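Some notes on the structure that comes next.
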Amino acid sequence: MSRRVVITGLGPVSALGIGIDATWQTLLEGKTCIDRVKRFDPSGFPSQIAGEVQDFKVTKLVPKADRKATKVMARDIELAVVGADQAARDAGLITRSTDPEAYKADDFMPTYAGARLGCHIGAGLIAADIPELAQAFINAVKDDGSFDIHKWGAEGMTNLTPLWLLKYLPNMLACHVTILHGTQGPSNTITCAEASSELSVGESLRVIQRNAADACLSGGAESKLNPLGFLRQIMTDRTNTTDNDSPSTAVRPFSSDASGTAAAEGGAIVVLEALDTFRDRGGEKAYAEIVGFGASQTVNRDYGHCKADPTGNGIANACRAALAEAGIIADQVDLIMPFGIGAPDSDQSEIAGLKTIFGDRLLEIPVFCSKAYAGNAGAGGGAIDVCIAAKALSEQMIPPRINCDNPLPGINAGTAKATPATLNYVLTYSASFGGQNAVLILKKFE
Amino acid sequence: MTKRIVITGIGWVTPLGYDIESVWQGLLAGKSAIGKTTHFDASTFPTSFCGQVADEYDHDNFVTHKNLHQGVGANTSFALGAATQAWRSAGLDQYADLDPTRLGIYLGSGEGSLDFENFAASALAGWDPETRSIDAVKWVAKAQQCMNAICEIEQEPNMPLSHLAMEFNAQGPAYNCLTACAASTQAIGEATEVLRRGQADVMISGGAHTMIHPLGVTGFNRLTALSTRSDSPQTASRPFSADRDGFVMGEGSGMLILETLEHAQKRGATILAEITGYGSSADAFRVTDMHPEGMGAYAAMKQALDQAHVTTADIDYISAHGTSTKENDSTETMAIGKLFAEHAPSTPVSSIKSMLGHLIAAAGSVEAIVCVLALRDQMIPPTINYGKVDPECQLDYVPNESRSLPVDICLSNSFGFGGQNDTLVIRKFL
């Protein structure tokens, strides 16, 4: 019998807000957070809208003692570090970072010994900072202004800070979090694009189940809000290029007039704990229990790895595995939080996959799409959904569903007000660009 | 009763070649693969040498579904060649009864190489000297004109995984992890856990990586992590020697087929070795340095031994992380010394990075294969270029010549920048 695992702390950081309270409040107000890009002038890009984190200043959001470390952090890392801080505090964990005063003492007693704490954080391809490199490149140009690799090798590169590379290694999200919170157990960085967060939460679940740790900081974060990351999203042909003038209604998952997604930045870290150690430390109320996890890969050779598979078989396979582990049938799911990015072929693929699993019941189970609010935050998106699912279970409330006045047939995804509901099981998943699928089933905590 | 996990197929693409036997013979002969960097003009870089996969290498000579792999990056290309070798060596190309939903993949592949020339051109075109910042309008105008969508998309670190899935119709659990230099060892370890839990029957696992591109070399040169012994590239990688001055970059891929014993026996597969232990830890110390007492490395090795139910006395060979940096080699030695105690001096430890260079995320997968071959042939490869004894490194490093000895159980270490440590115990199948 494997250990039960509960979610005890939530740390979302996205356009919806910083921390679970702000995030939940924004959702209850039904307020979309997709807007014209502010970080850089988007007017030359075909898509000009995004889900951007507002008022984000990492030095103001981490404890004073940790500010020095923020010097070598790309935005993606900052998001993860702030998310971890939020989550650890929300769970009431005493760590090196949440209680720096106690840490200084010889008899420092963290909630969990370092070796029993794991850390699994999903990350994307961190885009090199263009201004930082450009500023160094201009010292290595030929007479005609073009780049000169000889000058670069000989002296140009010395214009970069010695630690430059460390800002862009995907494992640095987890690395900084392990250092700040003193987690010395198993640690991993999953890099499967949009499926990264849920795969990371799934791996934390496994690590706790097999008793290799008692608790984990888990989730993911990514920022597409830099010119290169943003352009790469546009290159996937899934972003919205038609609604630049009406950003708040631009992302319309499962709507017959869906026209693409919006790139975003964000992510979340959650605290997972074994129920037994959670109880031992006096824990009472958890947000939810994780009862099922399933992972799969979509393969349809007629479509290749960059196009949605119209059969949705990959998503169905992962759902099946998660339901089997949860020991429930599809009928018992009360809420679905899909990938739902609002790109027509991707949405259709999901409907096909879900139909295989839920049959006609798919018309009844409510579907909530966070991407309509905040866009597609890549490797961070799934973790935001995990936070919302956990909060929905603890509040017994489905936040307003927006931007879907003309739902596609076969799915209950239409616009709706906030709805109190009896929620026992929530199924949430992500399906990456590249075909990796990860499904989690969360249960009301009892 | 936990499931037993066995290795039934191996394949690699390395700077010494891309078939199992010739590379293995090269390693046993102590051959260095290091030479001048030619992937780009590195002539003025502090480090202008590395271990490169031969230009003649082409994944099209391996794969069945060529049309699915157009425009792939180097990591994917290496992964396809290595995985196809492993697939065939496991006899899976001749086995029709595999359920695709029970075939998973767990890789530790690196991020793709930046399209540097066009990146630099766009950055310069977008640079506004007045404001000393990037004008995004000018930048995107140039970027859209010169950047190629497939090339950009294929840089995502999940792409080698996606291509292998397409090639082998693998529809089971699919992961890519990227914990720097520990990635593929971690991938293999986690793949065994997926199998132990019964979520798949067969896993393709390993890694693929190159950082031999202008920004990769720039990054490591700025960190002063690379050897700069430009006058003698072939002797530059000298793990554990007192005069080591940094690591030498390599590139490539190692891939293994892992199966539950039950499944391997059912289909009559040849079993090459068994994976009995996996340990994983984080230093949680500093982004730049290893824990000074090697605590994380110690913890990972200890966990792996415990899971394998063996003691240090049982270990016949340690395939070291052994990068040839000052810090890694002395810290790794310290951790081995502490854990192995009185058995430390008599346990042979070697680093094939002395010959291939450091394959970064892919290093651990190639080293795991070396352990499999050491078990098969009862031979262990040397640490070449070993010269001056470092007072902080006093183990038996199998200096300069391979050794024939009884090998039943091996331990393989990988430690990543940022503090991730992973260890495998691989043993003869009995």
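If you read the sequences in order, they're chains A and B. For the first sequence, numbering that gives the first Met the number 0 begins at 0 and goes up steadily by one. For the second sequence, numbering that gives the first Met the number 0 begins at 0 and goes up steadily by one. Built from N, CA and C at the ideal position, the CB exists for glycine as well. Please read these numbers as outputs of a predicted model, since none were measured by experiment.
Looking at the DSSP output, S217(A) bridges to H119(A) and V269(A). Proximity of chain B to M171(A) at the Cβ level (cut-off 8 Å) is accounted for by V286 and G417, in chain order. Among the residues of chain B, those whose CB is under 7 Å from the CB of G313(A) are Q170, following chain order. Counting every other CB atom within 10 Å of its CB across the protein chains shown gives E221(A) a total of 16 or more, marking it as buried. Residue-level contact check: A376(A) does not touch chain B, since none of the beta carbons of chain B fall below 8 Å from its beta carbon. If one requires a minimum length of 4 residues, the alpha helix (DSSP H) runs lying completely within the region 256-314 of chain A are 274-279, in chain order. For H208(B), the enclosing beta strand (DSSP E) covers residues V201 to T209. In the structure shown, P419(A) falls within a strand segment according to DSSP collapsed to helix, strand and coil. Runs of the alpha helix (DSSP H) lying entirely within the region 308-351 of chain B and spanning at least 4 residues, in chain order: 325-339. Taken in chain order, the whole beta strand (DSSP E) runs of length 3 or more contained in the region 20-46 of chain B are 33-35. Proximity of I359(B) to chain A, defined by a Cβ-Cβ separation below 8 Å, is not satisfied. By the Cβ neighbour-count rule, P344(B) is exposed, with fewer than 16 other Cβ atoms within 10 Å of its own. Take the alpha-carbon of T346(B) and the one of G188(B): they are about 23 Å apart. Cβ-Cβ distances below 8 Å link G434(A) to Q296, T297, V298, H304, D308 and G313 in the same chain, with the five nearest sequence neighbours on each side left out; the list follows chain order. Annotation: the continuous alpha helix (DSSP H) that includes R87(B) extends over A73 to S88.
V61(A) and A53(B) have their C-alpha atoms spaced approximately 48 Å apart.
Comparing alpha carbon positions, the residue from A14(A), Y428(A), K354(A) and D147(A) closest to V52(A) is A14(A). Within chain B, A135 have C-beta atoms less than 8 Å from the C-beta of P41(A), given in sequence order. When DSSP assignments are scanned along the region 313-374 of chain A, the uninterrupted stretches of alpha helix (DSSP H) that are 4 or more residues long and fall wholly within it turn out to be 343-357 and 370-373. Under the DSSP assignment, K442(A) falls in the beta strand (DSSP E) whose first and last residues are Q435 to K443. Annotation: Q233(B) has no Cβ neighbours in chain A at a cutoff of 8 Å; minimum Cβ distance is about 21 Å. Setting aside the 5 residues that flank it on each side, D275(A) is surrounded in the same chain by R2, each with a C-beta closer than 7 Å to its C-beta; the list follows chain order.
Taking a C-beta distance under 8 Å as the contact criterion, E288(A) and L441(A) qualify as a contact pair. Taking a contact as a CB-CB distance under 8 Å, the pair A373(B) and V406(B) counts as one, their CB atoms being some 5 Å apart. When the beta-carbon positions are compared, A299(B) and Q183(A) stay at least 8 Å from each other. For I368(B), there is no enclosing beta strand (DSSP E); the enclosing alpha helix (DSSP H) covers residues A362 to D376.
Against chain A, the CB of V139(B) has a partner CB under 8 Å away; the residue lies at that interface. Taking a Cβ-Cβ threshold of 7 Å, the residues of chain A close to Q154(B) are L124, in chain order. By the criterion of a C-beta distance shorter than 6 Å, S252(B) is surrounded in its chain by V12, F77, A78, A81, A207 and A361, once the five residues flanking it on both sides are discounted.
Within chain A, A133, F136, I137, V140, G144, S145 and F146 have C-beta atoms less than 8 Å from the C-beta of L123(B), given in sequence order. In the structure shown, G103(B) adopts extended strand secondary structure according to DSSP, grouped into three states. If you check the CB distance, L353(A) and I335(A) come in under 8 Å. For Q233(B) and G356(B), the gap between their C-alpha atoms comes out near 10 Å.
Residue pairing by DSSP places R66(A) in no beta bridge whatsoever. The DSSP-derived three-state label of A190(B) is helix. Assignment of Q233(B) by DSSP, reduced to helix, strand and coil, places it in the helix class.
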